[in-house]
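J.: Just passing along the structure, written as structure tokens.
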Amino acid sequence: MRITGFTSILLILILIFAFQLAVSASSYENEEYEVIIEETLKEAEAEEEFDGEEFELNGELELLRDPFAYYGRIEAEDIIEEEEEEAEVFQPAAAVSKPSFTITGVLQREGMMVALVRKGSSVEMIRSGEAIDGYRLVGWQDREAIFEKQGQRFNLSPQ
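In this note's numbering, the protein residues as written are 28 to 186.
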């Protein structure tokens, strides 16, 4: 079979058109990926902010590798506070029920720990000394957050 000049030109045009379609499709996919990457980076930047400051990247990477790495560490101030609390006169309090919220995670930053507390469908960040539903976060021991209400302590593990 012999290919004529018109047929060969037509064949070349078809190949060029097919190549252009393939290139434009791949560039469209690249644009989609670029948009997805930009959105992901924006979300990550928004999550890095806490009280107007950004978490240090190295600390976050370390927590991503092992989120429970800092649970066992207690600062000297925490130990002194606990000793002072134990020295106070204890008065029996009425029975207090276990907290209805759960600990979903923990963030560590420059020796400060923040508990991520799930209460219903919302998640709140609680620092040491802050309270939620009357339960005050008083410290950390091993992998548990210690909450106190009316003199009674409750140890909650992340779930």
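From the three backbone atoms N, C-alpha and C, an ideal C-beta is built for every residue, glycine too.
Can you have a look at L40 and say buried or exposed, based on whether 16 or more other CB atoms are within 10 angstroms of its CB?
T.: Label assigned to L40: exposed.
J.: For M152, count neighbouring C-beta atoms within 10 Å of its own C-beta (all shown protein chains included) and say buried if the count is 16 or more, exposed if not.
T.: The residue in question, M152, is exposed, as its Cβ has fewer than 16 Cβ neighbours within 10 Å.
J.: Got a sec? Which residues, its chain only, sit under 8 Å from F77 by beta carbon, not counting five neighbours each side?
T.: With a pLDDT of only 47 at F77, under 50, the local geometry of the prediction cannot be trusted, and no value is derived from it.
J.: Straight-line CA distance for I43 to T34?
T.: Going from the Cα of I43 to the Cα of T34 covers about 14 Å.
J.: In the DSSP assignment, find the beta strand (DSSP E) that holds R170 and state where it starts and stops.
T.: That residue, R170, is in no beta strand (DSSP E); it is neither H nor E in DSSP.
J.: On the DSSP bridge assignment, give the partners of L183 in chain order.
T.: Paired residues: A172.
J.: For the beta strand (DSSP E) that contains G138, what are its first and last residues?
T.: Careful: G138 lies outside any beta strand (DSSP E) and carries neither H nor E.
J.: Counting C-beta neighbours from all protein chains within 10 Å, is the total for V144 16 or more, i.e. buried, or is it exposed?
T.: Under this definition V144 is a buried residue.
J.: For F46, count neighbouring Cβ atoms within 10 angstroms of its own Cβ and tell me buried if that reaches 16, exposed if not.
T.: Classification for F46: exposed.
J.: Consult DSSP for S124 and reduce its assignment to one of helix, strand or coil.
T.: Three-state result, S124: coil.
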